[in-house]
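FYI, the numbering for the sequence shown is 43 to 362, going by this note's numbering. Virtual Cβ for every residue (Gly too), placed ideally from N, Cα, C. Computed from a predicted structure; not experimentally measured.
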Amino acid sequence: MSHVSGIARKGPWAKRWAIAAALFLAGLLARLALGDLLASTPFLTFFPAIAASALFGGWREGMLVLLLSAMAAWYFFLPPPGSFLIEDAATLVSLLSFLAVGAFVILLVSALVDVIRRLETAGRAQEALFRELQHRVANNMQFVASMLRLARRDVADAGASEVLDQAAARIASMARLHRRLQDPATYARGLEPVLRDVLTDLFHTMPVELRLDIRPAPLSLHQMTAIVLLVTEAATNAVKHVFRPELGRRFEVELGVRPDGRLRLAVRDDGPGLDPAPAAARAGQRLGMHIMQALAGQLGGALRIGGGPGTALEVEFAAV
43 MSHVSGIARK GPWAKRWAIA AALFLAGLLA RLALGDLLAS TPFLTFFPAI
93 AASALFGGWR EGMLVLLLSA MAAWYFFLPP PGSFLIEDAA TLVSLLSFLA
143 VGAFVILLVS ALVDVIRRLE TAGRAQEALF RELQHRVANN MQFVASMLRL
193 ARRDVADAGA SEVLDQAAAR IASMARLHRR LQDPATYARG LEPVLRDVLT
243 DLFHTMPVEL RLDIRPAPLS LHQMTAIVLL VTEAATNAVK HVFRPELGRR
293 FEVELGVRPD GRLRLAVRDD GPGLDPAPAA ARAGQRLGMH IMQALAGQLG
343 GALRIGGGPG TALEVEFAAV
């Protein structure tokens with residue numbers, strides 16, 4: 043409603059007055075067509091015209107339609123018809139009551155439109171602040187990644203240096219992904235295309251079989267972002283520790299609704315599992331696991347590691 047009224051009120055004044063006149067004529071023609079059916083309520087068909095003119099034009103247009111409607115009803119439908127005479131007090135009271143109620147309708151519609159406009163303005167301001175906040179978060183993540191790279195230069199231990207490298211790379215990657223995912227238009231096609239695009243980019247040089255089974259589910263923007271980040275972190279771990287010759291070639295993501303209404307996210311690969319030998323690899327996996335546990339907490343669930351070959355991760359959480 044506010045969108046339509048906003049467009050109309052930005053138009054030329056002549057167009058707004060023409061719309062008001064057309065609405066008045068529509069109300070008058072409807073009243074004439076109904077004839078004696080509305081003998082006891084001569085003003086009934088004019089109220090929609092008054093409200094619509096105030097909505098699409100403004101209070102001035104509403105007042106114009108109100109006055110025209112009062113004159114038309116006075117001339118055509120109040121006794122004696124075909125004149126502007128007032129023979130009794132009842133006719134005067136009826137006419138004045140119509141003017142009072144019509145003015146109240148105009149004030150009410152104008153007030154509602156004003157409230158809606160204020161809410162829209164506040165919503166746009168809140169959205170701008172949110173985007174600025176997310177932009178700063180991404181910048182801070184990039185800054186932390188840069189600080190970790192600088193700190194690595196002063197670390198002599200090869201294992202610690204490798205851990206710092208991995209942490210910096212992960213934070214920088216998450217910052218880039220964070221910028222991409224905070225645009226609401228990213229999710230316009232749904233969650234599955236976003237996951238497919240992100241994972242395809244990540245696996246672009248690897249012969250990985252990607253399987254996605256994303257069932258329709260009520261998700262907020264916050265939840266979709268957390269899911270994409272969690273799946274991306276799991277895929278990053280798989281790229282580093284799974285998808286090598288003779289180890290694994292399949293990555294699966296499932297999202298479905300449980301019988302109790304909660305959502306279940308499952309991520310699996312067909313690699314060797316979570317126990318590679320090198321210490322640096324174990325440290326990198328621990329960091330990745332901490333990140334995924336934090337993202338599972340953002341979803342309102344807890345990360346579980348399933349049994350079987352490869353790595354299987356599950357998170358259950360409430361729908362929106």
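Contact annotation: valine 362 and proline 260 have beta-carbon atoms nearer than 7 Å. The three-state secondary structure of alanine 354, taken from DSSP, is strand. With a threshold of 16 other beta carbon atoms within 10 Å, threonine 242 falls short and is exposed. Leaving aside the five residues that flank serine 152 on each side, the residues in its chain whose CB is nearer than 8 Å to its CB run, in chain order, Ala96, Gly100, Trp101 and Gly104. The straight-line gap separating the alpha-carbon atoms of leucine 161 and glutamate 169 is approximately 12 Å. By the neighbour-count criterion, in which 16 or more other beta carbons inside 10 Å mark a residue as buried, valine 205 falls on the buried side. Below 8 Å, too few C-beta pairs join the region 342-353 and the region 229-242 to call them touching: fewer than three. Remark: three or more beta-carbon pairs, one from each stretch, lie closer than 8 Å, so the region 353-360 and the region 302-316 are flagged as touching. For arginine 238, the uninterrupted alpha helix (DSSP H) segment begins and ends at 233-244.
DSSP places arginine 291 outside both helix and strand once states are collapsed to three, so it counts as coil. When C-beta atoms of the region 189-203 are compared with those of the region 255-271, fewer than three pairs fall below 8 Å, so the two segments do not count as touching. Scanning the region 114-196 for uninterrupted alpha helix (DSSP H) segments of 4 residues or longer gives 131-194, listed from N- to C-terminal end.
Taking all protein chains in view, the Cβ of glutamate 251 is surrounded by fewer than 16 other Cβ atoms within 10 Å, so the residue is classified as exposed.
By the beta-carbon neighbour count (other beta carbons within 10 angstroms, threshold 16), aspartate 130 is exposed. Between the C-alpha atoms of leucine 244 and lysine 282 there is a straight-line separation of about 11 Å. Secondary structure note for glycine 348: it is in no alpha helix (DSSP H), and the uninterrupted beta strand (DSSP E) holding it is 346-348. Taking every protein chain shown into account, the CB of threonine 163 has fewer than 16 other CB atoms within 10 angstroms, so this residue is exposed. About 5 Å separates the Cβ atoms of leucine 108 and isoleucine 92, confirming a contact at the 8 Å cut-off. Taking C-beta atoms as the reference points, aspartate 311 and valine 270 fail to come closer than 7 Å.
Taking the Cα positions, tryptophan 55 is about 12 Å away from phenylalanine 98. Scanning its chain for C-beta atoms nearer than 7 Å, with the 5 sequence neighbours on each side dropped, one finds around glycine 352 the residues Gly290, Arg310, Asp311, Asp312, Gly313 and Gly315, in chain order.
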